[in-house]
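Participant: Dropping a structure here in structure tokens format, bear with me for questions.
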Ligand code: ATP
Ligand code: MG
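Numbering (full-length UniProt numbering), first residue to last: 1 to 405.
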């Protein structure tokens, strides 16, 4: 089969292929971008595979960076663009069901395509638009089937992450797992235990963000892969409920975590250990905690001023965006306006500071200052008192008098 129209992203990269060919080697577009072009989807990364060895690529192109030379990948810098060029390779001596510990550079395209995970990811596209399809990937694409290249049992044994990749492609593309591929994932799901959480995390998030999340989650549960993912073993039922939640696609990672945690019925306190087990960053955990807390409130009532203040604008919007997943209407403009109307947006905006307290009250510096400032902050946010120095000092004096601090 030949592509009628070569997409712009490939057109720009054609001179690179030509240069490699002029030097006497083969070069092709490979991987996810070829699949995406055939599906009519947007391309995000253009990967090039070649029979030239890394040292030979570096001789052809003046500007290169060794990004993964041990795996045969060289980054070629070309005017505005940069391209990952990877030497054809085979992978051998898989230990512990993880990535290969040894890759061998080869001159044969077929060998390179054979090591790829699924037939729809194993196309190569020639410079003239000809699609090389050694494993009937075009038929699978047509029939919306996800099929492992070669013997699925062996392929998942070589690298168990491929099972999670398979599930996320189901979720992204809405394809069915081919019968034997499904059966092999089911049989081998326990091998996921050997895979680093970081790699599983990346695929799991892609699964949750997929357009066909329902199908992806159903397969995640049916193959029992979920039970070898961090802290999910007890939650098969909840994951299926999550699958049924709504068909609306999730498009932000923080939304995925909040919705998942909500579906699992975790408490605020359980969020950190859960996300730590998934090796999420502290930043991502903090945002998830805030948005989860905001959501529990916002599901039943409008934002209050203190909650908007505590969340800040960004997290308040992230919270508001989640309402449609629960069949509730949202109004982002109203949230922005309500936030804008807050009298203060941070402690810096308060008309008094610790300095003012020390100057005004005959007291030694201490914990009382923070307590007074917090009281004043709350009172101003709730518009109990205006944000004026005199008023605030009177308010502080009254609090100190009442022995509140
Ligand atoms: P995406 O669109 O999400 O980037 P992709 O298929 O391009 O999906 P990449 O991780 O970018 O995924 O990998 C590029 C290509 O490398 C894949 O299409 C596949 O051919 C091959 N590949 C990636 N990971 C594996 C793996 N674990 N086992 C076998 N082949 C793989
Ligand atoms: Mg890719």
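Idealized CB from N, CA, C, for every residue including glycine.
1) By the 10 Å Cβ neighbour count, where 16 or more other Cβ atoms means buried, how is residue 346 classified, buried or exposed?
2) Give me whichever residues DSSP pairs with residue 176 in a beta bridge.
3) Based on the DSSP output, what are the partners of residue 68 in its beta bridges?
4) The ligand ATP heavy atoms versus the CB of residue 146: any closer than 7 Å?
5) Rounded to whole angstroms, what's the CA-CA distance from residue 228 to residue 251? Just pull it up for me.
6) When you compare the CB positions of residue 299 and residue 266, do they come within less than 8 Å of one another, or not?
7) With hydrogens ignored, establish whether the beta-carbon of residue 45 is closer than 7 Å to any heavy atom of the ligand MG.
8) With a threshold of 7 Å, establish whether the CB of residue 165 neighbours any heavy atom of the ligand ATP.
9) Hey, would you say the C-beta of residue 256 is under 7 Å away from at least one heavy atom of the ligand ATP?
10) Are residue 88 and residue 50 close, meaning C-beta to C-beta below 8 Å?
11) Looking at residue 68 and the ligand MG, is the gap between the Cβ and the nearest heavy atom below 7 Å?
12) Among all the DSSP beta bridges, which residues are the ones paired with residue 415?
13) Looking at the ligand ATP, does it come within less than 7 Å of residue 89, judged from the CB to the closest heavy atom?
14) Got a sec: does the ligand MG put a non-hydrogen atom nearer than 7 Å to the Cβ of residue 31?
15) Would you mind stating whether residue 80 and residue 43 have Cβ atoms separated by less than 8 Å?
16) At a threshold of 7 Å, does residue 161 count as lining the ligand ATP (C-beta to nearest heavy atom)?
17) Cβ of residue 30 within 8 Å of Cβ of residue 47?
18) Taking the straight line between their C-alpha atoms, what separation do you get for residue 389 and residue 206?
19) Per DSSP, residue 130 forms a beta bridge with which residues?
20) Jot down the residue ranges of each uninterrupted alpha helix (DSSP H) in the stretch 154-212, minimum 4 residues, whole runs only, in chain order.
21) For residue 326 and residue 211, I'd like the C-alpha separation in whole angstroms.
22) What's the call for residue 152, buried or exposed, on a 16-neighbour Cβ count within 10 Å?
23) According to DSSP, residue 27 sits in a beta bridge with which residue or residues?
24) What does the alpha-carbon distance come out to for the pair residue 257 and residue 235?
25) By the 10 Å Cβ neighbour count, where 16 or more other Cβ atoms means buried, how is residue 77 classified, buried or exposed?
26) Give the secondary structure of residue 392 by DSSP, where H, G and I count as helix, E and B as strand, and everything else as coil.
27) Considering only residues of the stretch 322-401, which uninterrupted alpha helix (DSSP H) runs meet the minimum length of 4 residues and lie entirely inside it, listed in chain order?
28) Quick check on the DSSP output: the alpha helix (DSSP H) that includes residue 309 runs from which residue to which?
29) Does residue 39 come out as helix, strand or coil in the three-state DSSP assignment?
30) How should residue 188 be labelled, buried or exposed, when 16 other C-beta atoms within 10 angstroms of its C-beta is the threshold for buried?
31) Using only the heavy atoms of the ligand ATP, determine whether one of them is closer than 7 Å to the beta carbon of residue 213.
32) Please classify residue 118: does DSSP put it in a helix, a strand, or coil?
33) Along the chain, where does the alpha helix (DSSP H) containing residue 413 start, and where does it finish?
34) Rounding to the nearest angstrom, what Cα-Cα distance links residue 169 and residue 69 in this structure?
35) Residue 124 bridges to which residues according to DSSP?
36) So for residue 61, helix, strand or coil by DSSP?
Facilitator: Per the coordinate set shown:
1) Classification of residue 346: exposed, given that the 10 Å Cβ count is below 16.
2) 145
3) DSSP lists 73 as partners of residue 68.
4) Flag unset: Cβ of residue 146 not near the ligand ATP.
5) 25 Å
6) no
7) yes
8) yes
9) no
10) yes
11) no
12) The requested residue 415 does not occur in the structure, where the chain is confined to residues 1 to 405.
13) Proximity of the beta carbon of residue 89 to the ligand ATP is not indicated: no heavy atom of the ligand is located closer than 7 Å.
14) Correct: residue 31 has its Cβ closer than 7 Å to the ligand MG.
15) no
16) yes
17) yes
18) 51 Å
19) 2
20) Counting whole runs of 4 or more residues, the stretch 154-212 contains the alpha helix (DSSP H) stretches 161-173, 179-188 and 197-208.
21) 18 Å
22) buried
23) 50
24) 15 Å
25) exposed
26) helix
27) 332-340, 354-360, 367-381 and 389-401
28) 305-320
29) helix
30) buried
31) With a cutoff of 7 Å, residue 213 does not count as near the ligand ATP, since its C-beta is closer than that to no heavy atom of the ligand.
32) strand
33) Absent from the model: residue 413. The displayed extent of the chain is 1 to 405, so no value can be given.
34) Using only the alpha carbons, I get a separation of about 28 Å.
35) 30 and 132
36) DSSP, read as helix, strand or coil, puts residue 61 in coil.
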